Amino acid sequence: MPIKVTDFPKIKELLDATHGTIIVTTHTNPDGDAIGASLSLSGYLRKKGFKVSTIIPDPDPVFLQWMPFHDSIRIFSEAPEECSKLIGEAELIFCLDFNGLSRVSKAETAFRKATAKKVLIDHHTNPKPDFDLMISVVSASSTCELVYDFIEDSGDLALIDKPIASCIYAGIITDTGSFSYSCENERPYLIAADLVKRGVNGEQVHRLVYDTYSENRLRLLGHAISERLHVLPEYHAAYIALTKDDLDRFNHQVGDTEDIVNFALSIGSVNFAALFYDRGDEVKVSLRSKGHFSVNAVATKYFNGGGHVNAAGATTYISLEETVNIFLSLLPIYEKELKAVY
Ligand code: 5GP
Ligand code: MN
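All residue numbers for the sequence shown refer to my numbering, where the first residue is 792 and numbers rise by one.
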């Protein structure tokens, strides 16, 4: 098992000194790992007797809403005053699955103003100095893996019941594409096996996350692939650009575009794939790659975003066309690197 240098005992010291409310939060446009980590850590801390509020910046997709304890989530964008008050009164804040406070979107000011100590638990590169204590393990498959590690380090594995285990399991499978990337070492597999022992029904979780498309979501995927996919064989690259009209036509809901970019990457010769979609006032960028080609570097350098080596994202405030043009203009720069991926 890989050895990790972490500061888990320091979290326990902070918890020992905490008598008031703890806030658990995560990043904007939350994904399975973000929600799974937030709900599992919140559930665990409640079992330990703490008063916990789980606050997410904006709504999560419908395919994550089955998760245990989901009803307890407060959404900042829907109740900014109530959430700001809770954040202001908190004694301790856990920041999960992101590496800088700019990632909590409209909740950023409230979190920056908060007097509570902020603990980061995350697996993205280059964490910003926005936190009092940082558990930042880039080699971890997911933040959910780190939540499990923390509970284990605290000697509390027995507190992981089926609901908590299901949240952790969901985060691990969504951040590893069901064990197809970000799982180079045995740790996520061993954790998954232990979670199954603790009651997780792996097939059921998989179905709840992946087999709950609406008809519109599936048709949007079909449209994206048949009408909006551009393949650039000379650069081993492909991209999909969805206009606001495309999204409106298929009654786009939060999460409907998730995974579309992976279909562009599934072409054998493609090593770098991008999805761009126009949300009206901004353009969301999703980048994916194979092998050592770092989309995190591309997202950081050209789009003011970030993420992981093989999965990164950003938001631009220029037009869809201008955003795509930035992507096209940088392909020649990476031509050699993209050829050498395999
Ligand atoms: P996605 O393309 O699925 O939105 O995001 C892929 C990865 O990049 C996730 O780990 C996500 O947290 C990260 N990410 C997405 N958008 C941004 C962004 O604007 N800034 C940073 N720093 N990371 C992002
Ligand atoms: Mn994650």
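Beta carbons: idealized from backbone N, C-alpha and C, even for Gly. Source: prediction; values computed, not measured.
Beta-ladder partner(s) of residue i, from DSSP
i       : result
Val910  : Phe885 and Leu924
Ala898  : Paired residues: none, contrary to the question.
Tyr1068 : Leu1033 and Lys1075
Ile866  : Ile847
Val1022 : Ala1029
Phe1063 : Ala1028 and Ser1080
Residue i to residue j span [Cα, whole Å]
i       : j       : result
Leu1122 : Ala1131 : 14 Å
Lys801  : Ile884  : 14 Å
Glu936  : Ile959  : 7 Å
Gln1044 : Tyr939  : 31 Å
Lys838  : Ile951  : 10 Å
Met925  : Gly1013 : 42 Å
Ser868  : Ser875  : 10 Å
Arg1010 : Ser1057 : 19 Å
Arg998  : Gly811  : 38 Å
Ser1017 : Leu836  : 47 Å
Ala1015 : Leu981  : 37 Å
Val1134 : Ile1117 : Residue 1134 is absent from the model: the chain starts at 792 and stops at 1133.
Thr816  : Glu899  : 11 Å
Pro979  : Arg1019 : 35 Å
Arg1079 : Val1086 : 6 Å
Leu1119 : Ala984  : 43 Å
Ser945  : Leu805  : 13 Å
Phe1041 : Pro852  : 16 Å
Helix, strand or coil at residue i according to DSSP, with G and I counted as helix
i       : result
Asp947  : coil
His861  : helix
His915  : coil
Thr817  : strand
Lys842  : strand
Ser833  : helix
Ala1103 : strand
Gly1098 : strand
Thr812  : strand
Gly962  : helix
Cut-off 7 Å between Cβ atoms - residues of its own chain near residue i, not counting five sequence neighbours on either side
i       : result
Thr1114 : Phe1067, Val1074, Val1076 and Thr1107
Ser896  : Thr819, Pro848 and Asp849
Leu986  : Ala956, Ile959 and Tyr960
Leu855  : Gly823 and Ile826
His861  : Leu830
Thr1034 : Asp1069 and Leu1111
Close-in-space but distant-in-sequence residues of the same chain around residue i (CB under 6 Å, 5 per side omitted)
i      : result
Phe841 : Ile813
Ala828 : Leu887, Asp888, Thr934, Cys935, Val938 and Gly962
Ser831 : Val938, Ile955, Cys958 and Ile959
Chain-order list of residues whose beta-carbon lies under 8 Å from that of residue i (same chain, five-residue window excluded)
i       : result
Tyr1125 : Tyr1026, Phe1063, Phe1084 and Val1089
CB contact below 8 Å: residue i versus chain B
i      : result
Ala984 : In summary, chain B is missing from the structure at hand, where a single protein chain is found.
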